[in-house]
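Protein sequence lines, in the order shown, are assigned to chains P and D.
Residue 1455 in the numbering used here sits at position 48 of the first sequence, with consecutive numbering throughout.
Residue 1439 in the numbering used here sits at position 32 of the second sequence, with consecutive numbering throughout.
There are 2 protein chains.
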Amino acid sequence: MRLLLISSSNVHGYGYLDHPEPAMREFLGAGRRVAFVPFALHDHAAYTAKVRERLGRMDLDVIPIDDLDHADAVFVGGGNTFRLLKTLYDRELLAPIRDRVRAGLPYLGASAGTVIAAPTMRTTNDMPIVEPPSFNALSLMTFQINAHYIDPDPQSTHKGETREERIREFLEENDVPVVGLREGSILRVEDGTTTLLGEKTARVFRRGAEPVEKAPGRIDV
Amino acid sequence: MRLLLISSSNVHGYGYLDHPEPAMREFLGAGRRVAFVPFALHDHAAYTAKVRERLGRMDLDVIPIDDLDHADAVFVGGGNTFRLLKTLYDRELLAPIRDRVRAGLPYLGASAGTVIAAPTMRTTNDMPIVEPPSFNALSLMTFQINAHYIDPDPQSTHKGETREERIREFLEENDVPVVGLREGSILRVEDGTTTLLGEKTARVFRRGAEPVEKAPGRIDV
């Protein structure tokens, strides 16, 4: 199984998908046809057009997700995770995507598309604007991801929970490790090996232990 | 119907429930027995003890939520909204609380307890750490609340969605007004009249319109 899980398609100082482009190119190799899933945004046509233009500049062709049998890879774009997962359930696409990826089809995710590669969507940051029939997701790996992971701002006077506090609440209810993946970071998962790409460390949370920072390179989760 | 909906029980520079105390005192009047709902935090006993001590300093008695028939008011404390709503469903408490409040029992909410007074919990900021059977909530008013509402930080380089962007996504999927209630603000709802308390304006979002700032005092939502 091969996964490339991007924390954020937008990184400060870069255009859309510019920062992850080298990792995407290396991951895809000679594959050209990418089945794109636009369901995390409201306007599927506009989102698909934007991604078609951007991937076109990488000599990639965007094909519909219904054409999964002719795809060299699947790419699930970012947006609202609840909307994404609900639409995948409504269109009965979770099992086909899961089966094809488990059979070897390369999976690219960005933000919400990265979050749903996990067992559940329970570590999303998004607002629950629609109600999916279940929080169970693709289960392509055994750990959870928190995308756009952000450290507490020591200057802040805001009393809403920090990201770390939210993940600690998750661990009160779920005994599953969580990788806090900062913007600019990517996880590459291949045949049971997980590699952190980018320049930043990732923060890994486990029940009953203090979180630890993992440096780029192969990591154990 | 009488509701006092507090954005945040913690406000910068104040102790727990110190900032809303005057509004709570005025709202409760001579009522002394407060049925407290601790389900938004993991440790119900510790949370209840903390609230019993704090309300004790206001000459209020905390009684169990199962003793609703002897309560002069109900107070639903803050924490994780998904955990709160799931536990209310599991214990079959939504209908009894809704019925009693609609019949006149004063309702106090803080943070998650404020969010669930709305038709649904779809405007929470919290992480979906557990899965409630439905996002439908108490429906004590016709609009939604986003508690801990926070303005975009113009200095931020973080690319995760701002709060306003999240609420705009909500309005793409739901045609229901949303009140963005900043920390230090309180909504008092009585017999169809909604009054904004505190010093800050509230930001009101409607589908198809630009958000507007409402000054403290009576507001139309």
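Where a beta carbon is used, it is the ideal one built from N, C-alpha and C, also for glycine.
These numbers come from a predicted model, not from an experiment.
Within chain D, the residues K1566 have their CB atoms less than 7 Å from the CB of P/S1415, given in chain order. Neighbours of P/R1529 in chain D, taken as residues at a C-beta separation under 9 Å, are given in chain order as F1489, M1534, P1535, I1536, V1537 and E1538.
Annotation for P/K1621: L1603, T1608, A1609 and V1611 place their beta carbon closer than 7 Å to its own, counting only its chain and skipping 5 residues before and after.
In the structure shown, D/A1480 falls within a strand segment according to DSSP collapsed to helix, strand and coil. For a Cβ distance threshold of 8 Å, nothing in chain D lies close to P/V1596: the least Cβ distance comes to about 23 Å. Under the criterion of beta carbons closer than 8 Å, P/L1594 and P/L1412 qualify as touching, at roughly 4 Å. Interface annotation, P/R1613: not in contact with chain D, CB-CB separation never under 8 Å. DSSP places D/H1451 inside the alpha helix (DSSP H), whose first and last residues are H1451 to G1463. Taking 8 Å as the threshold, the shortest C-beta distance from D/V1481 to chain P does not fall below it. Per DSSP, the continuous beta strand (DSSP E) segment holding D/V1596 begins and ends at I1593 to E1597. The distance from the Cβ of P/Q1551 to that of P/V1585 is about 4 Å, consistent with a contact at the 8 Å cut-off. Taken through DSSP and simplified to helix, strand or coil, D/G1420 comes out as coil. Taking the beta carbon of P/E1620 as reference, no residue of chain D falls within 8 Å; the closest one sits roughly 19 Å away. DSSP places D/A1442 within a strand segment (E or B) once states are collapsed to three.
Under the 10 Å beta carbon count, D/G1605 is surrounded by 16 or more other beta carbons and is classified as buried. The beta-carbon distance between P/A1524 and P/G1516, rounded to whole angstroms, is 5 Å. This is short enough to meet the 8 Å contact definition. Within the segment 1518-1603 of chain P, the complete beta strand (DSSP E) segments at least 3 residues long are 1551-1556, 1585-1589 and 1593-1597, listed from N- to C-terminus. Here P/A1609 carries a strand assignment [DSSP, helix/strand/coil]. D/H1419 has a beta carbon lying within less than 8 Å of a beta carbon in chain P. If you look at D/L1475, you'll find it isn't in any alpha helix (DSSP H); DSSP assigns it neither H nor E. Within the same chain, Cβ atoms closer than 6 Å to the Cβ of D/T1488 are found at A1519, V1522, M1528, T1531 and D1533, the five residues on either side in sequence being excluded. Remark: three or more beta-carbon pairs, one from each stretch, lie closer than 8 Å, so the segment 1536-1553 of chain D and the segment 1490-1509 of chain D are flagged as touching.
By the CB criterion at 8 Å, P/V1418 and P/F1443 fall outside the cutoff. In the DSSP assignment, D/D1506 falls within the alpha helix (DSSP H) that extends over L1501 to R1509.
Judged by DSSP secondary structure, D/E1620 falls within the beta strand (DSSP E) whose first and last residues are V1619 to K1621.
Each of P/E1460, P/V1596, P/S1592 and P/R1573 was checked against the Cα of P/P1618, and the nearest Cα belongs to P/R1573.
In the displayed model, P/L1512 falls within coil according to three-state DSSP, outside both helix and strand.
Contacts with chain P at 8 Å (Cβ-Cβ) include D/R1573. With respect to the C-alpha of D/F1482, the residue from D/L1501, D/V1441, D/R1505 and D/R1459 having the closest C-alpha is D/V1441. In the DSSP annotation of this structure, D/D1425 is not part of any beta strand (DSSP E), being labelled neither H nor E. Looking at the backbone, the Cα of P/P1526 and that of P/V1628 are separated by about 14 Å.
Secondary structure at D/L1410: strand, using DSSP grouped into helix, strand and coil. Around D/L1501, the same chain offers L1495 and L1545 as residues with beta carbons nearer than 7 Å, after the five sequence neighbours per side are excluded. A Cβ-Cβ separation of about 6 Å places D/A1447 in contact with D/G1484 under the 8 Å criterion. With contacts defined by Cβ atoms closer than 8 Å, P/Y1421 and P/R1461 do not form a contacting pair. From the beta-carbon of P/F1577, the residues of chain D found nearer than 8 Å are M1534 and I1536.
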